[in-house]
């Protein structure tokens, strides 16, 4: 049981599940036999258990989509709807392949975003750890030395000593307050109005805002394109995408678009209205061209790739700017600490001479 508890199911597991099923289905292997093969080769005990449940449902006559619906935590509406449409149309292997490709693109996109944020986070974390380590372990010994000397300490040394004393005397309290503040913010962000304001602020941030906006647009357009291309009705695709969207601002936009399309409006017209100001005009114009040519799904995927390209360019530019900036910050912190320690020692040496 402990192995099952600690094992996890990654997004990559569900992507490979769709890809392998598609390959085996195209080869004429039955779904039950395909799932049996995947059970034998999967490394995750938890995923193996889920696959065994899916196999049992298939052997009891359930279609694959119904078997997957029983595991919504791992196979969402986007996943199961594409499979259900494939079952109805007789194109299950094609839809499985299409599903795997779109999920892989989204996975790669999210991985790139996380990777871009990882480097500055690690560097700043190391700087904070080094600063706290010096303040807590190294400086207290020097404080005792300096306090016994009749020397006027430089301002930067006095600041560093004050930080060291505060960390020594109130470190646990400061740590507790920070934890409480983080916990309080997390609780507040569970409230819908607070989360809505927070998501609006994120979209308005000077540098991160456009990246967040283009990320949401890339995932939204690609998701809609994949579902419509897989045969899912537009309204159903919009509803599924709405539920898959993490930003409440874009959820609200999709709610309005769903209501308008339900009332007879075209997709391009609703994406072009001024009330959806967080959706750029290019989306409505490209969709209008797609409606005329019957290629809405293809152009939505194209838009998804376009917005992903915008994110890639922005993250590359930020990386170019951040590297020297982070180097400057680290150098400043280390230099400040070193100067604060060395300056009084030189001052003391000079006074003795």
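Numbering (our numbering), first residue to last: -14 to 338. All C-beta atoms in this analysis are idealised placements derived from N, C-alpha and C, irrespective of residue type, glycine included.
Next on the checklist: Rounding to the nearest angstrom, what Cα-Cα distance links residue 56 and residue 15 in this structure?
Outcome noted: Using only the alpha carbons, I get a separation of about 21 Å.
Item to check | Classification of residue 282 by the beta-carbon crowding that lies within 10 angstroms, buried from 16 upward | outcome: buried
Checklist entry - Alpha carbon to alpha carbon, what distance is there between residue 203 and residue 242? => result 17 Å
Next on the checklist: Only counting the same chain, and skipping five residues up and downstream in sequence, which positions put a Cβ closer than 7 Å to that of residue 239?
Outcome noted: So the list reads 223, 226, 227 and 230, once near-sequence residues are dropped.
Checklist entry - How about residue 371 and residue 17: do their beta carbons lie closer than 8 Å? => result The question about residue 371 has no answer, for the chain in this structure spans -14 to 338.
Next on the checklist: Between 137, 101 and 232, which has its C-alpha nearest residue 183's C-alpha?
Outcome noted: 232
Checklist entry - Applying the criterion that 16 or more other CB atoms from any shown protein chain within 10 Å of the CB defines a buried residue, is residue 103 buried or exposed? => result exposed
Checklist entry - Should the stretch 261 to 268 be called in touch with the stretch 167 to 174, which here means at least 3 C-beta pairs below 8 Å? => result no
Checklist entry - Around the Cβ of residue 120, are there at least 16 other Cβ atoms within 10 angstroms (buried) or fewer (exposed)? => result buried
Checklist entry - When the Cα of residue 88 is compared with those of 295, 212, 217 and 38, which residue comes out closest? => result Taking only the C-alpha atoms, the option nearest residue 88 is 212.
Next on the checklist: Rounded to whole angstroms, what is the Cα-Cα separation between residue 33 and residue 25?
Outcome noted: 8 Å
Next on the checklist: If the criterion is Cβ atoms closer than 8 Å, does the pair residue 199 and residue 295 meet it?
Outcome noted: yes
Checklist entry - Using DSSP with H/G/I as helix, E/B as strand and the rest coil, what is residue 91? => result helix
Item to check | Among 38, 111 and 75, the one whose alpha carbon lies nearest that of residue 314 | outcome: 111
Checklist entry - When the distance is taken between beta carbons, is residue 303 closer than 8 Å to residue 197? => result no
Checklist entry - If we call anything under 8 Å between Cβ atoms a contact, is residue 68 one with residue 76? => result When the beta-carbon positions are compared, residue 68 and residue 76 stay at least 8 Å from each other.
Checklist entry - Mind checking whether residue 70 and residue 264 have CB atoms under 8 Å apart? => result no
Next on the checklist: Let me make sure I understand the geometry here. Which of 252, 288 and 289 has the alpha-carbon closest to that of residue 273?
Outcome noted: 252
Checklist entry - Whole-angstrom Cβ separation of residue 208 and residue 94, contact assumed at under 8 Å? => result Not confirmed; about 11 Å, so no contact.
Next on the checklist: In whole angstroms, give me the CA-to-CA distance for residue 186 and residue 254.
Outcome noted: 27 Å
Checklist entry - Between residue 159 and residue 178, what straight-line distance do the alpha-carbon atoms span, to the nearest angstrom? => result 29 Å
Next on the checklist: Runs of 4 residues minimum, wholly inside the stretch 152 to 232: which ones carry the alpha helix (DSSP H) assignment?
Outcome noted: Whole alpha helix (DSSP H) segments, 4+ residues: 177 to 189, 193 to 214 and 219 to 229.
Checklist entry - Can you tell me the Cα-Cα spacing of residue 215 and residue 155, whole angstroms? => result 60 Å
Checklist entry - Considering only the beta carbon of each residue, do residue 39 and residue 8 sit closer than 8 Å? => result Result no, Cβ atoms of residue 39 and residue 8 do not sit closer than 8 Å.
Next on the checklist: Given a cut-off of 8 Å on the beta-carbon distance, is the pair residue 324 and residue 108 in contact?
Outcome noted: No.
Checklist entry - Exposed or buried, residue 293, counting other C-beta atoms within 10 Å across all chains shown (16 or more means buried)? => result The residue in question, residue 293, is buried, as its Cβ has 16 or more Cβ neighbours within 10 Å.
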